[in-house]
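Same order as they appear, the protein sequences are chains A and B. Using the numbering used here, read the first sequence as starting at 86 and increasing by one per residue. Using the numbering used here, read the second sequence as starting at 115 and increasing by one per residue. Virtual Cβ for every residue (Gly too), placed ideally from N, Cα, C.
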Amino acid sequence: MTDSEGEVLLQVRDLVTAFDTDEGQVTAVDGVSFDVHKGRTLGIVGESGCGKSVTAMSVMRLLPQPMGNILGGEVLFGGMNLRTVPAKDMRSVRGNRISMIFQEPMTALNPVQRIGKQICEVLTQHNDYSPDEVWSKAVEMLDKVGIPSPEIRVTEYPHQLSGGMRQRVVIAIALACGPELVIADEPTTALDVTIQAQILELMKSLQRDLGTSIILITHDLGVIAETCDEVCVMYAGRIVERASAKEIFANPRHAYTQGLLNSIPRLNGIPKTKLNTIDGMVPALKDLKAGCRFASRSEREHEENHLTERPLFKEISTDHWVEACPVCVK
Amino acid sequence: MNGTGPILAIENLSMHFPVKGGVFRQTVAACKAVDGVSLTIEPGETLGLVGESGCGKSTLGKTIARLYDPTEGKIHFEGADLASLSRGQLRPYRREIQMIFQDPYESLNPRHTIGTIVEEPFVVQGMGTREERRQWVSDSLRKVGLNESAAQRYPFEFSGGQRQRIGIARALALRPKLLICDEPVSALDVSIQSQVLNLLMELQREMSLSYLFISHDLAVVKHISDRIAVMYLGRIVELAPAEEIYSNPIHPYTKALISAIPVADPTHEPDRVILEGDVPSPIDPPEGCRFAPRSGIPHNKEHLVNLPPFREVSPDHWVEDCPACLNKEITR
């Protein structure tokens, strides 16, 4: 794949994140590795509970404390290992060089603060601007994300804006300091398709202008297909397949990826026919096996050793990686 | 009305909510959530209803189920006009029209066992002895693919997909003729979503049910529906067979909505019409074409004042005939 050329901005290697719960320690992310290239978009797709958000939170070191802990692996960014840098250094990265866009624009914004102030907060945190400068910067950011009459909007409160506008404000905050990497966790899930189209278009054009890299976390394969250069498919805490978007959709190799792609209704499909399904449901985190985790839902028979030994994560063709369970990957 | 004719025909149905304001909480405006909607559902048919949030599609579903008292209009069902019936008179019709809801976590009482939840419709309708009801509950649960031992358990013991099955079992317990599905798969994961959609299609064939299928996911609606109605700000702007509406949309809003669907194919180059802004407020909307402010098409005063007629432009293809909207393509 030629798409992945270019400098690597973020390298995640063998990341393991676990939570302490009443039922003991559960591993939410189990040995995840991926690269994010400069100016490109990496999609992470999977069902609820597969660990995609926890992966993002681990990179940002925003895990709930004291339950969430990174147990292993490296997060390499600009010569630093974000897993081990002191909290002070992490603060200067967070919101400045790496920032985040969340799903719910209403809960991501402070309801009792003017939106201008919320944009200023991140700007003053990381720069030495005078109050006037910072305010005009905030107006400029709102203008950049396509909010009409920004000089008026900047003094308004979140409840005065619609859902799509609020998400634009969240994006303005995320981009205020000109980050090198933006992690967008389900940025359009709470929005209507028409507004989703607006927001995705906005993110793409901002990426073109600013050269930002994006990690896009979503469960929507349509959104992945339209925006991502590279895709990781996650299942039960692991990446089961990783390749360019074109390759994943044209040539999925893992049984889970195939099942996922086959189960979505297509606009050009035959109406009122039976959809393909994946039987059963995602296993609970506390009863995960060491071996192939898709075994319990797979139509194909797994042998004992497939369930006890972790399958290798192998490159089966150039830049196409797959968790090579011999049963799930033919 | 057995065998022939539609099972449900609504005529000029409106649901306006009063907006209170001022010191004395007087009614200062009307929120016209549903405003003059007419449509029919044939026996065994699935009518898909799509639109953005706030367009009134859920309100329309709930009004048909008579969870609201409609402001105006008629709901013809089984030879009666449901809109004019009192609560007592409605009771026999309630078992014929049932609803399933979006959120499988909120639509089941957490303190009741599944048995009690699914039995409730029979109790309300005063049907059967305790023994018979227990048998019916087991039958209903089996029908939706659950084990009958589920009856002794509580909602929290089930996953989202299973809970949606319980909601379906409850709705189908009384063997209704019409099922109003309000975003039944929106809260479910992709792999679970297809399981529930398959179940709904199977049950429809088996029990010759009619569905009003409300959803914002146009790919899902396209897959399950025979005909599709597109709703905008309280009105139906276009109504046509499912294939027709996707291959030959006429109203600019339908075009924009369809073009906005992300396609799960990276080689697909979207030819996208991006609408500006959001759905405006349904409080005191324009009398005429409601899509005018968002369409990017110049409308003259007449178009904004006169209610556009809902016209059949080709067989079974109906569209709100605003001259400005239909004569020109949307410009970006």
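Assign B:Glu320 to buried or exposed, taking buried as 16 or more other Cβ atoms, counted over all protein chains shown, within 10 Å of its Cβ.
-> exposed
Any idea if A:Lys229 is buried or exposed, counting beta-carbon neighbours within 10 angstroms, 16 or more meaning buried?
-> buried
Grouping DSSP H, G and I as helix and E and B as strand, with all else coil, what is A:Ser221?
-> helix
Would B:Phe138 be called buried (16 or more neighbouring beta carbons within 10 Å of its own) or exposed?
-> exposed
Beta-carbon gap between A:Ile258 and A:Ile183 smaller than 7 Å = no
Would you mind stating whether A:Thr121 and A:Leu95 have Cβ atoms separated by less than 7 Å?
-> Residue 121 of chain A is actually Val in this sequence, not Thr. Closer than 7 Å, so yes.
List the residues of chain D whose Cβ lies closer than 9 Å to the Cβ of B:His330, in chain order.
-> Chain labels in this structure do not include chain D; the protein chains are A and B.
How about the segment 145-152 of chain B and the segment 124-131 of chain B: do they share at least three Cβ pairs that are nearer than 8 Å?
-> yes
Measure from the C-beta of B:Lys146 to each C-beta in chain A and report whether the shortest distance is under 7 Å.
-> no
Under 7 Å between C-beta atoms, does B:Ile397 make it to chain A?
-> no
What separation, rounded to the nearest whole angstrom, lies between the Cα atoms of B:Pro269 and A:Asp174?
-> 46 Å
Which of the three DSSP states, helix, strand or coil, is assigned to A:Met152?
-> coil
So B:Val304 and A:Leu345 are in contact, right, with Cβ under 8 Å, and what is the actual spacing, rounded?
-> 6 Å
Between the C-alpha atoms of A:Asn405 and A:Gly153, what's the straight-line distance to the nearest angstrom?
-> First, the residue type needs correcting, since residue 405 of chain A is His and not Asn in the sequence shown. C-alpha separation (whole angstroms): 31 Å.
Residues near A:His391 by beta carbon distance below 8 Å, same chain, minus five either side | Gly376, Cys377, Ala380, Cys410, Pro411 and Val412
Those runs of the beta strand (DSSP E) which lie wholly inside the segment 206-242 of chain B and span at least 3 residues | 211-214
Contact set for A:Ala131: own chain, Cβ-Cβ below 8 Å, skip 5 residues either direction | Before going on, a small fix: residue 131 of chain A reads as Gly here, not Ala. Only Lys137, His304, Val318, Met319 and Tyr320 meet the Cβ criterion.
Nonlocal neighbours in the same chain, by C-beta distance under 7 Å from A:Ile309, ignoring five residues either side | Gly128, Val130, Thr303, Val316 and Ala330
Are at least three pairs of beta-carbons, each pair with one atom in the segment 390-405 of chain B and one in the segment 161-169 of chain B, less than 8 Å apart?
-> yes
Simplified DSSP state of B:Gly275, which is helix, strand or coil = helix
Same chain, Cβ closer than 7 Å to B:Thr227, neighbours up to 5 away in sequence not counted | Ala265, Gln266, Arg267 and Tyr268
Pull up the distance between the alpha-carbon of B:Glu443 and that of B:Ile372, whole angstroms please.
-> Because B:Glu443 carries a pLDDT of 46, less than 50, the predicted location of this residue cannot be relied on, and no value is offered for it.
B:Ser329 versus A:Val278 - alpha carbon distance = 11 Å
B:Leu421 versus B:Cys436 - alpha carbon distance = 8 Å
With burial defined as no fewer than 16 other Cβ atoms inside 10 Å of the residue's Cβ, what is the status of A:Val139: buried or exposed?
-> buried
Give, in chain order, every residue of the segment 336-362 of chain B whose Cβ lies closer than 8 Å to some Cβ of chain A.
-> Lys336, His337, Ile338, Ser339, Asp340, Ala356, Glu357 and Tyr360
Simplified DSSP assignment, three categories, for B:Asn116 = At B:Asn116 the pLDDT is 46, less than 50, meaning the model places this residue with poor confidence and gives no usable figure here.
Does any residue of chain A bring its CB to less than 7 Å from the CB of B:Glu297?
-> no
In three-state terms, what does DSSP make of A:Phe398?
-> strand
Segment limits, alpha helix (DSSP H) that includes A:Met250 | Gly248 to Leu260
Which of helix, strand or coil does DSSP assign to B:Tyr346?
-> strand
Out of B:Ser252, B:Ala287, B:Ile211 and B:Ser198, point me to the one whose CA is closest to B:Phe236's CA.
-> B:Ala287
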